[in-house]
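A.B. asks: The opening residue of the sequence shown carries number 1 in my numbering; numbering runs sequentially from there.
Built from N, CA and C at the ideal position, the CB exists for glycine as well.
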Amino acid sequence: MSTGYVHGYSTEEQQRLVKQAKYWQDKLILKDLHFPAGEHLLEIGCGVGAVLGVLGKAFPNINLAGVDLNPTQIEHARKYLSNIGLHNADLRVGDAKQLPWPDANFDHVYIMWVLEHVSDPKAVLREAYRVLKPGGTITLTETDYMNFLIWPDTIDYRYLQKSLYELFEHTDGQPHIGRILGPLLLSAGFGKVTNTPLGIHYFRSSENEDLRDFVEWLYCVIESTINHMIQKLGKNPERLRSGLEFFRSIPDQPESAATAVIYRASAKR
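(1) Counting only the same chain and skipping the five closest in sequence on each side, list residues whose C-beta sits under 7 angstroms from that of LYS97.
(2) From THR171, THR194, THR137, ASP172, pick the residue whose C-alpha is nearest to that of ARG179; which is it?
(3) Thinking ILE150 and TYR159 are a contact (beta carbons under 8 angstroms), I'd like their distance in whole angstroms, please.
(4) Using the three-state DSSP reduction, which class does ASP103 fall into: helix, strand or coil?
(5) For GLY94, does the three-state DSSP call read helix, strand or coil?
(6) Alpha carbon to alpha carbon, what distance is there between ASP172 and THR3?
(7) Could you pull the start and end residues of the alpha helix (DSSP H) that ILE226 belongs to?
(8) Between which two residues does the alpha helix (DSSP H) carrying VAL221 extend?
(9) From which residue to which residue does the beta strand (DSSP E) around THR139 run?
(10) Determine the DSSP secondary structure at GLY182, reduced to helix, strand or coil.
(11) Under 7 angstroms Cβ to Cβ from ILE114, same chain only, skipping five residues before and after it: list those, please.
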């Protein structure tokens, strides 16, 4: 991973990850997936097991495995998956650049919101290639942190957004990673590569709460990084908080909207 996970490892962060997976379950995590019964799937950077839980419930007859660098996350993942009835996942503490499994061990590799935190994403993808069986598939989901746009806008929100981007760079992360998933997969040796932008746009409407739900999700993501921006980058706390709270108020602003681009990539070994 990079020199510091920008969201931290608190209990609140663990709970946020579970809520995040539930929010994106049908919109993104399970989009266009099909995993036949009996096959083996590895999630790299599985964290607290939130995404593995979604995959395991949707495909109850596949064999799950997950790896994370942080022992506390793996311990939480074991408890979480067991609590939702997924007792047999092979969860290991390990480095994504040196996976603790032999060559050609998995039918599928799944990575979501992880490469953005990694200093050497090519090394991670080369390891994914190594542990996949010939013909095995990989699915990646990442974003570009300069693509989160709102209306109306403020100077402090733009300050906050730029600060978040700089925080990823400061911790050797990849805040732009979604744009280059395709080239990275090709460099790692994969074939049949796709890299598709998925546009998300919500506007204020009395007919649904889509805008509010999206803003609340992203608010929680950004809020968990504020202290890091202050401590590691010396950013102005008042401006950061002002930008964040204005962002949270977007669903209550007249004629308001929020836009994001998330990138999905897939390939075969």
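C.D. replies: Looking at the atomic coordinates:
(1) ASP120, ALA123, VAL124, GLU127
(2) THR194
(3) So it is not a contact: roughly 13 angstroms between Cβ atoms.
(4) coil
(5) coil
(6) Interpretation of THR3 is limited by its pLDDT of 46, a score under 50 that renders its predicted location unreliable; no figure is taken from the coordinates.
(7) 226-233
(8) 210-223
(9) 132-143
(10) helix
(11) For the record, residue 114 in the displayed sequence is Val; it is not Ile. Result list for VAL114: ILE44, GLY45, in chain order.
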